[in-house]
Structure formats: C-alpha cells, structure tokens
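Peer 1: Sequential numbering from 114 applies to the sequence shown in this note's numbering.
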Amino acid sequence: MIPVSCLCYFLSLLIAHFIAQPLTELAQKTRAYREGDKSIVFEPTGALYEVDQLSEDFRELNHAYEAKLDELSKVQDRQDSFVSDVAHEFRTPLTAISGNAELMLDPDMPQSTREHFCEIILSESERLKKLTNSLLALQHAKEGVPAAALKRLDIAPVAQEVVEMLEPIAQDKNVTLSVEGAAPDILGNTDRLKQAIINLVDNAIRHVEEGGHVRVLLSGVNNQAIVAVKDDGCGIEDDPSLLFKRFYRSDASRARNSGGAGLGLAIVKEIVESFDGMVTAFNAPEGGAVFVMAFPAL
Numbered sequence: 114m115i116p117v118s119c120l121c122y123f124l125s126l127l128i129a130h131f132i133a134q135p136l137t138e139l140a141q142k143t144r145a146y147r148e149g150d151k152s153i154v155f156e157p158t159g160a161l162y163e164v165d166q167l168s169e170d171f172r173e174l175n176h177a178y179e180a181k182l183d184e185l186s187k188v189q190d191r192q193d194s195f196v197s198d199v200a201h202e203f204r205t206p207l208t209a210i211s212g213n214a215e216l217m218l219d220p221d222m223p224q225s226t227r228e229h230f231c232e233i234i235l236s237e238s239e240r241l242k243k244l245t246n247s248l249l250a251l252q253h254a255k256e257g258v259p260a261a262a263l264k265r266l267d268i269a270p271v272a273q274e275v276v277e278m279l280e281p282i283a284q285d286k287n288v289t290l291s292v293e294g295a296a297p298d299i300l301g302n303t304d305r306l307k308q309a310i311i312n313l314v315d316n317a318i319r320h321v322e323e324g325g326h327v328r329v330l331l332s333g334v335n336n337q338a339i340v341a342v343k344d345d346g347c348g349i350e351d352d353p354s355l356l357f358k359r360f361y362r363s364d365a366s367r368a369r370n371s372g373g374a375g376l377g378l379a380i381v382k383e384i385v386e387s388f389d390g391m392v393t394a395f396n397a398p399e400g401g402a403v404f405v406m407a408f409p410a411l
C-alpha cells in the first residue's frame, strides 16, 4: 500500500512540475515584457496544449500591441510635423506684419513710405486669413461627410458652376475655362465636390501662362466617374505624389506670389478619399498638367 502511495505522490509531483514549469516560464516572460524587455518572444513550447494556446494568445496580443504603438507613433509624428509646418507658415507673415508696424512708428517717415508699409501689412494679413481658412477647410475635409449627408450627384452642373464662378479670375490672366464631356452620377456631397473642383481649377489657373486654357474633362471609365482638370502650362516638375502633401510647393516663391498656401491639393485628396475615390496627377504627353479625380460610379 505504501509503495503505491509513494508512486502516486511522485507521479503527482511530476505532473505538477510538468504543468507548472511552462506556466512559470510564461509568467516570467510576461513579467519581463511588462518591465520593458521587448525582445521577449511568446512561442508555443509543445509541453502542454493549454499553455501553448495561452502563449499563442499572448503572442497575438503582443503583435496587436506593437502595431498599435507603431500606429500611435506615426500619428504623433504627423501631428508634430503638422504643428511645425503651421508654425513655419505663420511665422513669415507675422514677422512681416510686426516688422513693418514697428517701422511705421517712426514719426519722421514720409507718407508714401508709410503707405507702402501699410500695403505690406494688409497683404500679409490677407495671406494669414487665407491660410487660416485653408486650415479650417482641411480639417473639415479630414472629418469626412456623415453618411446621411451623402446623396446622388450629377457632376456636370457642379463643374459648370465652378467654371462660371472662377471665370472673372481666369479673365484677369486671359485664361479660357471650359467643361467638356459627361460623367456618371456619384454618391457624395455637393459642397465638398464643389470645393475639390474649385481647388483644382484655381490651381490650374494660377500655374498657366497668360492666354492659356484650363479644361474640366468629365468621363466614365470602368464603373468610375472621372473628373480631370487639364491645363496647358509648364507641367509638373516634381514627383506628382508630393503635390498632395500639406504645405508642399514645387516653387515656394511662385506659390506665395499667387496666393497659394500649399493646402489646396491636400484638401482635394481628403475630400476625394472621403467619397471612396482617388486622386492622381501627371504630365500630359502634349504638355501641361492633368489632375484626375476618380469616384465610384452609381
């Protein structure tokens, strides 16, 4: 009887050790990971199915956690970059306003010089206003459109309205605007679509030579509604994918002189993607730039 009891006792110790050992190792790994050792790997040992399953769960949890940390890090980097960009964009006009206002304190300054400084202050104030409005528009575009606000849209009337609205600006440069073709209806928001087309047409007007032509080309291809804005300007000199980044300018001085804040195309991208579409840009073989918005057709 005693030998049997001893055998049972030793078997129970063996079984307990067999169960406890992998659990202890798993607990040690978990503790080390919690304390900051990111080299820990949760891999099944084959010792016990339940423990292996628990290790697998920890491994998947670890991967999800690391992915979330990486995502948060990228979000933080984008936020830091955005704040830095905004600060940089605001610094120049604010410096100009402050500097010229200080110079105007000179009581002996000639009236003509004082008026010149006033013009600079007004110009930079207007640039600040445009930049602020563009930032607000970008934020609204990033927020997207509630599903309830989306409806069936006929693109042609919206494009025609944009052309008529921007006609006076185009006439100042003797630029011809036109809308050509037809596109299938899409699911979207009229105001947002209008803003996207305005930004593309306005961008084209600002970057074509006097006497140029800007065309809004509508079409339907492969169950997509296409809105292409084509100009006969000098084309795109840099990587087209960079054009849709915030504050990006291929020619900073030219963009500033033409009133650009470097946000118009970023706003277009946010709007188009909120409609489940995509936007691209390229140089036309015959010259000039083409910006294409593609939306799922109804």
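Note that beta-carbon positions come from the ideal geometry of N, C-alpha and C, so glycine has one too.
In whole angstroms, give me the CA-to-CA distance for Phe388 and Asn396.
Peer 2: The residue given as residue 388 occupies position 275 in the sequence shown. The residue given as residue 396 occupies position 283 in the sequence shown. Cα to Cα, the separation comes out at about 25 Å.
Peer 1: Could you give the distance in angstroms between the alpha-carbon of Asn370 and the alpha-carbon of Glu232?
Peer 2: As a working mapping, residue 370 is identified with position 257 in the sequence shown. As a working mapping, residue 232 is identified with position 119 in the sequence shown. A caution first: Asn370 carries a pLDDT of 43, below 50, which makes its placement in the model too unreliable to give a value.
Peer 1: Enumerate, from N- to C-terminal direction, the unbroken alpha helix (DSSP H) stretches of 4 or more residues contained entirely within the region 305–379.
Peer 2: Taking only runs of at least 4 residues, the alpha helix (DSSP H) segments lying wholly in the region 305–379 are 365–370.
Peer 1: If you draw a straight line from the alpha carbon of Glu239 to that of Ile210, how long is it in whole angstroms?
Peer 2: In the sequence shown, counting from the first residue as 1, residue 239 sits at position 126. In the sequence shown, counting from the first residue as 1, residue 210 sits at position 97. Their backbone Cα atoms lie some 11 Å apart in a straight line.
Peer 1: What are the boundary residues of the alpha helix (DSSP H) that includes Val288?
Peer 2: Reading the sequence shown from its first residue, position 175 is the one you call residue 288. Per DSSP, Val288 belongs to no alpha helix (DSSP H) and is neither H nor E.
Peer 1: Look up Leu300 in the DSSP assignment and give the residues it is bridged to.
Peer 2: As a first step, residue 300 must be located in the sequence shown, where it is residue number 187. In DSSP, Leu300 forms a bridge with Arg265.
Peer 1: With a CB to CB cut of under 6 Å and the five nearest residues on each side skipped, what residues in its chain are close to Arg367?
Peer 2: Within the sequence shown, residue 367 is the residue found at index 254, counting from 1. A caution first: Arg367 carries a pLDDT of 37, below 50, which makes its placement in the model unreliable, though a value can still be read off. Taken in chain order, the list of residues that qualify is empty.
Peer 1: Which residue spans inside the region 179–254 form an unbroken alpha helix (DSSP H) run of at least 4?
Peer 2: The qualifying runs do not exist here; there are none.
Peer 1: If distances are taken between C-alpha atoms only, which option among Ile380, Arg172, Lys242 comes closest to Gln252?
Peer 2: Counted from its first residue, the sequence shown places residue 252 at position 139. When each option's Cα is compared against that of Gln252, the closest is Ile380.
Peer 1: Could you give the distance in angstroms between the alpha-carbon of Ala200 and the alpha-carbon of Gly212?
Peer 2: The residue labelled residue 200 in the question sits at position 87 within the sequence shown. The residue labelled residue 212 in the question sits at position 99 within the sequence shown. So the two alpha carbons sit approximately 18 Å from each other.
Peer 1: Tell me which residues share the same chain as Gly294 and place their Cβ nearer than 6 Å to its Cβ, disregarding the 5 neighbours each side in the sequence.
Peer 2: Within the sequence shown, the letter at position 181 stands for residue 294. Counting only Cβ-Cβ distances below 6 Å, and skipping sequence neighbours, we find Leu330, Leu331, Ser332.
Peer 1: Using a Cβ-Cβ cut-off of 6 Å (strictly less than) and excluding sequence neighbours within five positions of Leu241, which residues of its own chain qualify?
Peer 2: Walking along the sequence shown from the start, residue 241 turns up at place 128. Correct list, in chain order: Pro206.
Peer 1: Looking only at C-alpha atoms, which of Met391, Ala407, Asp345 sits nearest to Pro398?
Peer 2: Numbered from its first residue, the sequence shown carries residue 398 at position 285. With distances taken between Cα atoms, Pro398 lies closest to Asp345.
Peer 1: Please report the Cβ distance between Ala96 and Phe404, rounded to the nearest whole angstrom; I am assuming they are in contact, meaning their Cβ atoms lie under 8 Å.
Peer 2: Only positions 114 to 411 of the chain appear in this structure, which leaves residue 96 out of reach.
Peer 1: Just to check, is the beta-carbon of Glu293 closer than 7 Å to a non-hydrogen atom of the ligand FAD?
Peer 2: Ligands are entirely absent from the displayed structure, and the ligand FAD is therefore not among its contents.
Peer 1: Can you list, in chain order, the residues of its chain with a C-beta nearer than 6 Å to that of Pro297? Leave out the 5 residues immediately preceding and following it.
Peer 2: Residue 297 sits at position 184 when you count from the first residue of the sequence shown. Counting only Cβ-Cβ distances below 6 Å, and skipping sequence neighbours, we find Gly333, Ala338, Ala410.
Peer 1: Confirm, please, whether the CB-CB distance from Phe408 to Ile310 is below 8 Å.
Peer 2: Reading the sequence shown from its first residue, position 197 is the one you call residue 310. Reading the sequence shown from its first residue, position 295 is the one you call residue 408. Going by C-beta atoms, Ile310 is not nearer than 8 Å to Phe408.
Peer 1: Buried or exposed for Val392, going by 16 or more other Cβ atoms inside 10 Å?
Peer 2: On the sequence shown, residue 392 is found 279 positions in, with the first residue counted as 1. Burial call: buried.
Peer 1: Taking Gly401 as the reference, which of Ile349, Arg359, Phe357 has the closest Cα?
Peer 2: Against the sequence shown, residue 401 aligns to sequence position 288. Considering only alpha carbons, the answer is Ile349.
Peer 1: Contact check, Val321 vs Val327 under 8 Å by CB: the rounded distance?
Peer 2: The sequence position of residue 321 within the sequence shown is 208, counting from 1. The sequence position of residue 327 within the sequence shown is 214, counting from 1. About 6 Å separates the two Cβ atoms, so the contact holds.
Peer 1: In its own chain, which residues sit with a C-beta less than 6 Å from the C-beta of Arg144, not counting the 5 before and 5 after it?
Peer 2: The sequence position of residue 144 within the sequence shown is 31, counting from 1. Around Arg144: no qualifying Cβ.
Peer 1: Could you tell me if Ser247 is buried or exposed, where buried requires 16 or more neighbouring beta carbons within 10 angstroms of its beta carbon?
Peer 2: For the purposes of this step, residue 247 is taken as the residue at position 134 of the sequence shown. Classification of Ser247: buried, given that the 10 Å Cβ count is 16 or more.
Peer 1: From the DSSP output, in three-state form, read off Ala295 for me.
Peer 2: Here residue 295 refers to the residue found at position 182 when the sequence shown is read from its first residue. The answer is coil: DSSP assigns Ala295 none of H, G, I, E or B.
Peer 1: Please report the Cβ distance between Glu323 and Asn287, rounded to the nearest whole angstrom; I am assuming they are in contact, meaning their Cβ atoms lie under 8 Å.
Peer 2: In the sequence shown, counting from the first residue as 1, residue 323 sits at position 210. In the sequence shown, counting from the first residue as 1, residue 287 sits at position 174. That pair is a contact at about 5 Å.
Peer 1: Can you tell me the Cα-Cα spacing of Glu274 and Leu266, whole angstroms?
Peer 2: To locate residue 274, count along the sequence shown from 1; it is residue 161. To locate residue 266, count along the sequence shown from 1; it is residue 153. Straight-line Cα distance between these residues: approximately 14 Å.
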